[in-house]
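Last residue of the sequence shown: 167 (the working numbering), numbering continuous.
Here's the structure, in structure tokens; my notes come after.
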Amino acid sequence: MGQLLDKFHGKQWREKQIRKITDKVYDRIKNQSGRANLTFEDLYIAVLLVYNDINKHLPGPHFDPPSKDQVRAMMQTCDLNLDGELDHEEFVRFIQQLTADTIIIVSQGLIITLAVAPAVAMATKRATEGVPGVGKVVKKLPNSVYASLVTLAVVWFQSSQQGV
């Protein structure tokens with residue numbers, strides 16, 4: 004349960020995850036291309052890989068990567084030395100800007116899950132108590148344990164749906 008709750012530590016956790024994904028993708032593209040910096044073609048491949056990892060590792064809906072035109076425009080704003088390529092730190096800034104909206108959506112989904120699921124659990128507990136067989140167990144469970152179990156079940160269900 005500690006590992007599950009570790010995912011909800013907030014902004015630092017999300018930034019750390021994005022940085023891990025960014026570093027991994029940058030190193031992979033750099034090693035494949037053999038160049039020190041990323042060209043536009045390398046950058047677009049990197050964007051596709053980053054969005055693939057975001058969709059795998061962060062909870063929430065599937066996110067589509069931006070178009071080539073959007074990537075080209077953002078590349079020009081992040082290319083601080085104006086050499087037409089992005090170095091590692093420029094790439095990190097690029098990905099942070101690119102994924103800012105995505106991270107906000109993921110955060111909102113987590114807040115809704117963690118706030119709404121316990122409320123729904125408590126609202127439905129009385130109805131569940133009337134179910135034959137299950138009702139006796141539900142009556143014996145303290146409200147906090149019941150709400151926690153339902154919340155964990157919702158989080159688990161959301162995570163399993165992402166893998167599909």
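A virtual CB, placed ideally from N, CA and C, is assigned to each residue, including glycine.
- The residue among A122, Q20, E93 with its C-alpha nearest the C-alpha of N84 is E93.
- Taking the Cα positions, K19 is about 47 angstroms away from P135.
- Only residues of its own chain outside the window of five on either side were considered, and among them A49, H91, F94 have a CB closer than 7 angstroms to the CB of Y29, listed in chain order.
- Secondary structure note for G133: it is in no alpha helix (DSSP H), with a DSSP letter that is neither H nor E.
- Under the DSSP definition of a beta bridge, L41 partners with L89.
- Just so you know, the alpha carbons of K33 and Q79 end up roughly 19 angstroms apart.
- Here A120 is buried, its C-beta having at least 16 other C-beta atoms within 10 Å.
- For N58 and I21, the gap between their C-alpha atoms comes out near 12 angstroms.
- Boundaries of the alpha helix (DSSP H) harbouring D72: 71-81, taken from the DSSP string.
- L89 sits buried, since 16 or more C-beta atoms from the chains shown fall within 10 Å of its C-beta.
- L101 counts as buried, since no fewer than 16 other beta carbons sit within 10 angstroms of its beta carbon.
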